[in-house]
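See structure below.
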Amino acid sequence: MTDVEKPTLGHNDLLIKIRKTAICGTDIHIYNWDEWSQKTIPVPMVVGHEYVGEVVGIGQEVRGFTLGDRVSGEGHITCGHCRNCRAGRTHLCRNTIGVGVNREGAFAEYLVIPAFNAFKLPDDISDDMAAIFDPFGNAVHTALSFDVVGEDVLITGAGPIGIMAAAVCKHVGARNVVITDVNEFRLDLARK
């Protein structure tokens with residue numbers, strides 16, 4: 126752990142005071158400094174990309190946000206100019222930069238991200254829930270990529286995203302949802 130400077134606010138950015146974060150599998154890989162991390166993460170790097178915070182600075186070109194807004198954000202910063210971005214497929218941007226992977230992340234007091242990546246949160250969503258929107262979004266996207274209504278669903282992997290995907294499948298009307306894993310602890314969590 127070390128102290129880091131408050132990040133610099135750009136014209137199209139928000140400065141966010143972090144209120145709560147969550148630990149992702151990516152963060153575990155970085156903590157364990159595995160082969161992927163060693164090849165990918167520049168050092169030093171503030172990691173973390175699952176968070177909720179409060180807007181405390183607004184770039185001069187930003188519209189639609191006010192100081193004090195409670196926000197979270199998408200952790201993949203895309204270029205907006207490549208073929209995929211211009212076609213509305215930003216999730217396939219070849220120039221994606223990962224928050225907490227390729228640029229400073231949320232495990233600090235402050236985070237700067239493009240306003241395009243941020244979204245306001247309603248008051249009825251707790252900070253605890255808002256901090257896990259990133260993996261929840263992955264679970265929802267995956268579960269709803271298939272027509273699961275009335276179907277039997279098998280989910281392989283009872284990690285956080287698998288468990289959330291199982292809940293989404295049940296909620297939208299899957300007939301039977303089965304989740305498998307080799308880890309008994311994770312299976313116990315899934316049973317709850």
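According to my numbering, numbering within the sequence shown proceeds without interruption in unit steps and concludes at 317. Built from N, CA and C at the ideal position, the CB exists for glycine as well. Nothing here was measured: the structure is a model prediction, and the numbers come from that model.
Exercise for the section: Please classify residue 179: does DSSP put it in a helix, a strand, or coil? Expected result: strand
Practice task
Name the residue from 209, 303, 225 whose alpha carbon lies nearest to the alpha carbon of residue 219.
Solution key: 209
Problem - Euclidean distance between Cα positions of residue 216 and residue 232 - result: 24 angstroms
Practice task
List in chain order: all unbroken beta strand (DSSP E) runs of 3+ residues lying wholly within the stretch 185-271.
Solution key: 195-198, 235-239, 243-245
Practice task
Report yes if the CB atom of residue 142 is closer than 7 angstroms to the CB atom of residue 184, and no otherwise.
Solution key: no
Exercise for the section: Compute the distance between the beta-carbons of residue 205 and residue 173, then report whether it is under 7 angstroms. Expected result: no
Problem - Environment of residue 156 [buried if 16+ CB atoms lie within 10 Å] - result: exposed
Practice task
Could you tell me how far apart the beta carbons of residue 304 and residue 283 are, in whole angstroms, since I believe they sit closer than 8 angstroms?
Solution key: 5 angstroms
Problem - CA-to-CA distance, residue 214 to residue 132, given in whole angstroms - result: 29 angstroms
Handout entry: Closest residue to residue 306 among 261, 300, 314 (Cα-Cα distance)
Key = 314
Practice task
Check the C-beta distance from residue 242 over to residue 182 and give it rounded, since I have them as a contact under 8 angstroms.
Solution key: Going by Cβ atoms, the distance from residue 242 to residue 182 rounds to 15 angstroms, so no, they are not a contact pair.
Exercise for the section: Let me know the alpha helix (DSSP H) ranges lying completely inside the stretch 141-174, each 4 residues or longer, listed in chain order. Expected result: 150-157, 160-165
Problem - Cβ-Cβ separation, residue 312 to residue 237 (assumed contact under 8 angstroms), whole Å - result: So it is not a contact: roughly 40 angstroms between Cβ atoms.
Problem - Cβ contact check for the stretch 145-156 and the stretch 253-273: 3 or more pairs under 8 angstroms - result: yes
Exercise for the section: Could you tell me the distance, in whole angstroms, from the CA atom of residue 264 to the CA atom of residue 272? Expected result: 14 angstroms
Practice task
Report buried or exposed for residue 290, applying the criterion of at least 16 other Cβ atoms within 10 angstroms of its Cβ.
Solution key: buried
Handout entry: N-terminal and C-terminal residue of the beta strand (DSSP E) that residue 278 is part of
Key = 277-281
Handout entry: Cβ-based burial, residue 279 [other Cβ within 10 Å; buried from 16]
Key = exposed
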